[in-house]
Amino acid sequence: MTAMSISQDSGAVDSDRAEPVGEAAQPSSDGDQTPDKNKKKNRCFSCRKKVGLTGFDCRCGNLFCAVHRYSDKHDCPYDYRSAAAAQLRKENPIVVAEKIQKL
Numbered sequence: 001m002t003a004m005s006i007s008q009d010s011g012a013v014d015s016d017r018a019e020p021v022g023e024a025a026q027p028s029s030d031g032d033q034t035p036d037k038n039k040k041k042n043r044c045f046s047c048r049k050k051v052g053l054t055g056f057d058c059r060c061g062n063l064f065c066a067v068h069r070y071s072d073k074h075d076c077p078y079d080y081r082s083a084a085a086a087q088l089r090k091e092n093p094i095v096v097a098e099k100i101q102k103l
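Note that the UniProt record's numbering numbers the sequence shown so that position 49 is 49, with each residue one more than the last.
1) Using the Cβ count rule (16 or more neighbours within 10 Å means buried), how would you classify Cys-47?
2) List the whole-angstrom C-beta distance separating Cys-76 from Cys-65, where the pair is believed to meet the contact cut-off of C-beta under 8 Å.
3) So is Gly-52 buried or exposed if we call it buried at 16+ other beta carbons inside 10 Å?
4) On the DSSP letters alone, give me the boundaries of the alpha helix (DSSP H) that residue 105 sits inside.
5) With a CB to CB cut of under 7 Å and the five nearest residues on each side skipped, what residues in its chain are close to His-68?
6) Between the C-alpha atoms of Lys-83 and Cys-58, what's the straight-line distance to the nearest angstrom?
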């Protein structure tokens, strides 16, 4: 075998591995949604009042007006107490010193 025949064989292997271009360019199933689902909602979740730019996003994932922005005003299902406890546990690990052997 010569160097020329080896380079030709390696070129044939590369063309076999090439993927078709047309398959990667097809849109996914997410593009089939209606425009209403992609649009950001701008109404209060409790009273359905339009909030415009002054809407408040809650940790429960909903948008609220100035009246219902506090968790006690809109009966928020998010558990702030357990989330705060988990954050404290994460940020403040228990520090235990090694036991000292007495002589």
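For every residue, glycine included, the Cβ atom is placed at its ideal position computed from N, Cα and C.
The relevant details are as follows:
1) On the sequence shown, position 47 is the one that residue 47 refers to. Exposed, since its Cβ has fewer than 16 Cβ neighbours within 10 Å.
2) The sequence position of residue 76 within the sequence shown is 76, counting from 1. The sequence position of residue 65 within the sequence shown is 65, counting from 1. With 8 Å as the limit, Cys-76 and Cys-65 do not qualify as a contact, their Cβ atoms being about 14 Å apart.
3) Translated into positions along the sequence shown, residue 52 becomes position 52. Counting Cβ neighbours within 10 Å, Gly-52 comes out exposed, since fewer than 16 surround it.
4) Residue 105 lies beyond the stretch modelled for the chain, which goes from 1 to 103, so this question has no answer here.
5) Along the sequence shown, one-based indexing puts residue 68 at 68. If we look at His-68 and ignore the five residues flanking it on each side, its Cβ neighbours are Cys-44, Ser-46, Cys-47 and His-74.
6) Working through the sequence shown from its first residue, we reach residue 83 at position 83. Working through the sequence shown from its first residue, we reach residue 58 at position 58. The sequence as given places Ala at residue 83; Lys does not occur at that position. About 14 Å.
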